[in-house]
Amino acid sequence: MKFKNPYKDKKWFKYLGNKYVWVLLFFIIWMLFLDNYSYFDHRFLDQQINELQDNKKYYQEEIKKDQEQIKQLKNPEQIEKYAREKYFMKKDSEDIYIIHFEGDTIQKEE
Numbered sequence: 284m285k286f287k288n289p290y291k292d293k294k295w296f297k298y299l300g301n302k303y304v305w306v307l308l309f310f311i312i313w314m315l316f317l318d319n320y321s322y323f324d325h326r327f328l329d330q331q332i333n334e335l336q337d338n339k340k341y342y343q344e345e346i347k348k349d350q351e352q353i354k355q356l357k358n359p360e361q362i363e364k365y366a367r368e369k370y371f372m373k374k375d376s377e378d379i380y381i382i383h384f385e386g387d388t389i390q391k392e393e
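The sequence shown runs 284 to 393 under the working numbering.
Encoded structure:
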């Protein structure tokens with residue numbers, strides 16, 4: 284007595300019964316989830332690369348600003364101006380009054 288597979292004539296069974304389809308499915312699952320170079324690992328690493336590139340741009344701009352400030356501070360008049368503005372330094376014959384207004388919209392730079 285032979286048993287006949289009732290699904291043998293179905294279209295989906297022909298595809299799922301094919302060994303090449305199983306190998307392809309295994310390969311896709313392996314590459315997406317299990318491999319060291321999986322798709323999700325690449326996405327994560329790409330995001331990190333983008334963040335690091337943004338940080339690089341930011342720090343390069345900050346370096347340019349600092350270099351400009353260093354160039355300005357080579358002038359003695361600029362050094363005096365910087366010391367007066369940032370550190371509230373004064374000459375011996377001067378008095379400095381610092382006035383803070385309530386609700387002042389200008390914030391201190393730090």
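Beta carbons: idealized from backbone N, C-alpha and C, even for Gly.
Where residue i falls: helix, strand or coil (DSSP)
i: Ile-463; result: Nothing can be reported for residue 463: it is not among the residues displayed for the chain, which extend from 284 to 393.
i: Asp-318; result: coil
i: Leu-335; result: helix
i: Glu-257; result: Outside the displayed span of the chain (284 to 393) sits residue 257, for which this structure offers no information.
i: Asp-324; result: helix
Rounded straight-line distance, which links the Cα of residue j to that of residue i
i: Glu-368; j: Lys-347; result: 21 angstroms
i: Ile-353; j: Lys-364; result: 13 angstroms
i: Gly-300; j: Asn-319; result: 29 angstroms
i: Tyr-303; j: Phe-309; result: 10 angstroms
i: Glu-344; j: Gln-336; result: 12 angstroms
i: Lys-340; j: Lys-297; result: 56 angstroms
i: Pro-359; j: Ala-366; result: 11 angstroms
Other residues of its chain near residue i: CB distance less than 8 angstroms, five sequence neighbours each side excluded
i: Phe-323; result: Leu-315 and Phe-316
i: Ser-321; result: Met-314 and Leu-315
Contact set for residue i: own chain, Cβ-Cβ below 6 angstroms, skip 5 residues either direction
i: Ile-362; result: Leu-356
Nearest-angstrom beta carbon gap, residue j and residue i [assumed within contact, 8 angstroms]
i: Ile-382; j: Phe-371; result: Wrong, their Cβ atoms sit about 12 angstroms apart, outside the cutoff.
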